[in-house]
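Protein chains in written order, with UniProt numbering: chain C, 1 to 273; chain F, 1 to 273. Ideal Cβ placement from N, Cα and C applies to all residues, glycine included. Below: the structure, in structure tokens.
Protein chains: 2
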Amino acid sequence: MKRSNRLVILTEFFMENPRKHIQLPFFVDLCETTKSSISEDLDIIDNVFKTQGLGYLERTTGAGGGVKYIPEISLEKSSQFIEELRKELQDASRILPGGYLYMSDILGNPKLVREIGRIFASRFSKLDIDVVVTVATKGIPLAYAVASFLEVPVVIVRRDPKVTEGSSVSINYVSGSSRKIQTMVLPKRSLKEGSNVCIIDDFMKAGGTINGMISLLSEFNAHVKAIGVLAEADDEEEERIVTNYTSLIKITDLDLIHKKIEVLAGNFLEDVL
Amino acid sequence: MKRSNRLVILTEFFMENPRKHIQLPFFVDLCETTKSSISEDLDIIDNVFKTQGLGYLERTTGAGGGVKYIPEISLEKSSQFIEELRKELQDASRILPGGYLYMSDILGNPKLVREIGRIFASRFSKLDIDVVVTVATKGIPLAYAVASFLEVPVVIVRRDPKVTEGSSVSINYVSGSSRKIQTMVLPKRSLKEGSNVCIIDDFMKAGGTINGMISLLSEFNAHVKAIGVLAEADDEEEERIVTNYTSLIKITDLDLIHKKIEVLAGNFLEDVL
């Protein structure tokens, strides 16, 4: 097979299989060529990926050696994306009763969701995450986007125990905004004991929901390695109970009466400055 | 820029931007090259995509002309995937009380979910779908996977009205399995009148839930162009009320007492034979 064809096949393969360890003989067969040609192809692809801020190819030598595509996004591209999102969200018509923000159009756009996933996955790339955990419903697409770049499964915590999932562990927690006692459930067979977990959600006020997830996950002896939320909002009535998190967007000044809103970049960018 | 580098950049771009119409000058700038070079690159990529069963590049000429990547998956690859899924699901330990099947591990795997999305999107490719609609919770990842290949947004019907979404339309429907009256809600601003809709869900028994979605969507004057379900199951007590759907998997013989199950390929493959 000619180099030009090989480069298309290999690039497509890496895009569809992030973080998958591949031994070179697999590519030698796939492309009907020699090991040294594949090796040169990988150099070209690695170089372009790096130049374009798309990540890199991680190569290992020796027995069982091979190559793995680690997707990343450059800080420059992340900042640019966050800035566009910030402008988009800073629109008074998005204010909803109760001090919420209408974000369903953003969360309903697979392309934007995928970019958000890429940004979080890039930040959490070296944390040896085993599984991404979210709570139904709105965080689900974000969780899948993050997981697809980390090449790990998603586990969904539910607020209603469904009969279809077998035996489960549940906890009660106090919701920050409504002050009500709520329930969270996770089927027993859905999460291995001692997993390294990344929690993803769309929105965080005081952090009651995420704190509930942390409690539930401790029942599975999970290690919460990272917490990513798309948007955080100050809750004047309550102090934040979750502190170690990464947010892309921060809503600081939501004024229901005067229909005004201020949207800033989240701590994602602060952390690296 | 050299051809080898251009091919990596262009392939990556098409993978990340399915169905996006791009005029050639964009690529000329991106790759710092000439229009005729880009044109040759596109020939190479189109050719590899077709040979590998990944879809094709749709090119239009004249003013405003350009190129668009239409992702598809070959029938051969689809059949192979469905056969593997069928074997995986035909496992008696998956049987849950109530005649349900444990599929959370499949639905929690972003790679598998993406493949399922690619298969449905490929089948529904020419239907001019404007939006993918699903109902919370389990169908959500599948809906996003389908939508990402069709380059359209996702709208999620909820069973509980959430305060955070503004005014909404709701309907009551009778659930096939529980015979209970249930509610479905869709925020008014989430769906444009007269949209071409593709309904996606994970599981269908008698079809009460999907029928409920159809009723709700008729309130928005939507045109239901396609219905895709991952798995359908016979419900002995009830006749199916939804008939025009596409399923990948069919569960025919779920025997709770003897812990036996039979899983067949769905009508996806029948339709083309």
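Exercise. Could you spell out where the alpha helix (DSSP H) holding L254 of chain F opens and where it closes?
Key: No alpha helix (DSSP H) holds L254 of chain F; DSSP gives it neither H nor E.
Practice problem: Note down, in chain order, all residues in the UniProt domain "Bacterial purine repressor N-terminal" (2-71) of chain F with a beta-carbon under 7 Å from any beta-carbon belonging to chain C. | Solution: R3, S4, N5, L7, V8, I9, T11, E12, M15, I44, I45, V48, Q52 and L54
Practice problem: Kindly list, in the order they appear in chain C, the residues whose Cβ is closer than 8 Å to that of P141 of chain F. | Solution: I140, P141, Y144 and V154
Quiz item: Who are the near neighbours of N172 of chain C in its chain, counting only those whose CB is closer than 6 Å to its CB and skipping five residues on each side?
Solution: I181 and T183
Exercise. Determine the closest residue to S167 of chain F out of F:Q52, F:P187 and F:V133, with distance taken between C-alpha atoms.
Key: F:P187
Self-check item: Residues from the stretch 109-124 of chain F in contact with chain C, defined by Cβ distance under 9 Å
Solution: N109, P110, K111, V113 and R114
Quiz item: Looking only at C-alpha atoms, which of F:F149, F:S79, F:P153 and F:R159 sits nearest to R270 of chain F?
Solution: In the sequence as displayed, the identity of residue 270 of chain F is Glu instead of Arg. For E270 of chain F, the nearest C-alpha among the options comes from F:S79.
Self-check item: Collapsed DSSP secondary structure at A145 of chain F in the structure displayed
Solution: helix
Quiz prompt | Partners in chain C for P187 of chain F, counting only beta-carbon separations shorter than 9 Å | solution = Y102 and S104
Quiz prompt | P25 of chain F, buried or exposed, once every other Cβ within 10 Å from all chains shown has been counted against 16 | solution = exposed
Self-check item: CA nearest to the CA of D201 of chain F, picked from F:I70, F:E84, F:D46 and F:R158
Solution: F:R158
Quiz item: Leaving out five residues before and five after A147 of chain C in sequence, what residues of the same chain have Cβ atoms less than 6 Å from its Cβ?
Solution: V132 and V154
Practice problem: Answer with buried or exposed for residue 275 of chain C, where buried requires no fewer than 16 other C-beta atoms within 10 angstroms of its C-beta. | Solution: Given a span of 1 to 273 for chain C in the structure shown, any question on residue 275 of chain C remains unanswerable.
Quiz item: Taking the continuous alpha helix (DSSP H) assigned at M213 of chain C, which residues delimit it?
Solution: G208 to S218
Quiz item: Which stretch, first to last residue, makes up the alpha helix (DSSP H) that contains D91 of chain F?
Solution: Segment: none, D91 of chain F is in no alpha helix (DSSP H) and carries neither H nor E.
Quiz item: Is the shortest distance between the beta-carbon of G166 of chain F and the beta-carbons of chain C less than 7 Å?
Solution: yes
Quiz item: Mind pulling the chain F residues with CB within less than 8 Å of A136 of chain C?
Solution: A136 and T137
Practice problem: In the DSSP assignment, find the unbroken beta strand (DSSP E) run with F59 of chain F in it and report its ends. | Solution: The sequence shown places Arg at residue 59 of chain F, rather than the Phe named in the question. Start and end: G55 to T60.
Quiz prompt | Secondary structure of L191 of chain F, DSSP reduced to three states | solution = coil
Practice problem: Could you tell me which residues DSSP pairs with P97 of chain F in its beta bridges? | Solution: In DSSP, P97 of chain F forms no bridge with anything.
Practice problem: Return the CA-CA distance between G55 of chain C and A233 of chain F, expressed in angstroms with no decimal places. | Solution: 43 Å
Quiz prompt | Chain-ordered neighbours of S148 of chain F on chain C, where CB pairs are closer than 9 Å | solution = P110, K111, V113 and R114
Quiz prompt | Closer than 6 Å: G99 of chain C CB and nearest the ligand ATP heavy atom | solution = With respect to the ligand ATP, the structure shown offers nothing to examine, as it has no ligands at all.
Practice problem: Would you mind working out which of C:A226, C:V135, C:L7 and C:Q52 sits nearest V197 of chain C, comparing C-alpha positions? | Solution: C:A226
Quiz prompt | Endpoints, beta strand (DSSP E) assigned at G108 of chain F | solution = Careful: G108 of chain F lies outside any beta strand (DSSP E) and carries neither H nor E.
Self-check item: N-terminal and C-terminal residue of the alpha helix (DSSP H) that V8 of chain F is part of
Solution: R3 to E16
Exercise. Go ahead and label M204 of chain C buried or exposed: buried means 16 or more other beta carbons lie within 10 angstroms of its beta carbon, across all protein chains shown.
Key: buried
Quiz prompt | Strand pairing of K260 of chain F, partner residues [DSSP] | solution = F:D255
Practice problem: Could you spell out where the alpha helix (DSSP H) holding F203 of chain F opens and where it closes? | Solution: F203 of chain F -> not in any alpha helix (DSSP H); beta strand (DSSP E) instead, spanning N196 to M204.
Self-check item: Residue of F:E219, F:E238 and F:I70 minimising C-alpha distance to R179 of chain F
Solution: F:E238
Quiz item: Cβ of V67 of chain F within 7 Å of Cβ of R59 of chain F?
Solution: yes
Quiz prompt | Three-state secondary structure assigned by DSSP to residue 359 of chain C | solution = Examination of residue 359 of chain C is not possible in this model, given that chain C is present from 1 through 273 alone.
Quiz item: For G66 of chain F, which three-state DSSP category applies?
Solution: strand
Quiz item: Just checking my contact of I116 of chain F with I261 of chain F at CB under 8 Å: how many whole Å lie between their CB atoms?
Solution: With 8 Å as the limit, I116 of chain F and I261 of chain F do not qualify as a contact, their Cβ atoms being about 20 Å apart.
Quiz item: In the structure shown, what three-state DSSP assignment does K225 of chain C receive?
Solution: strand
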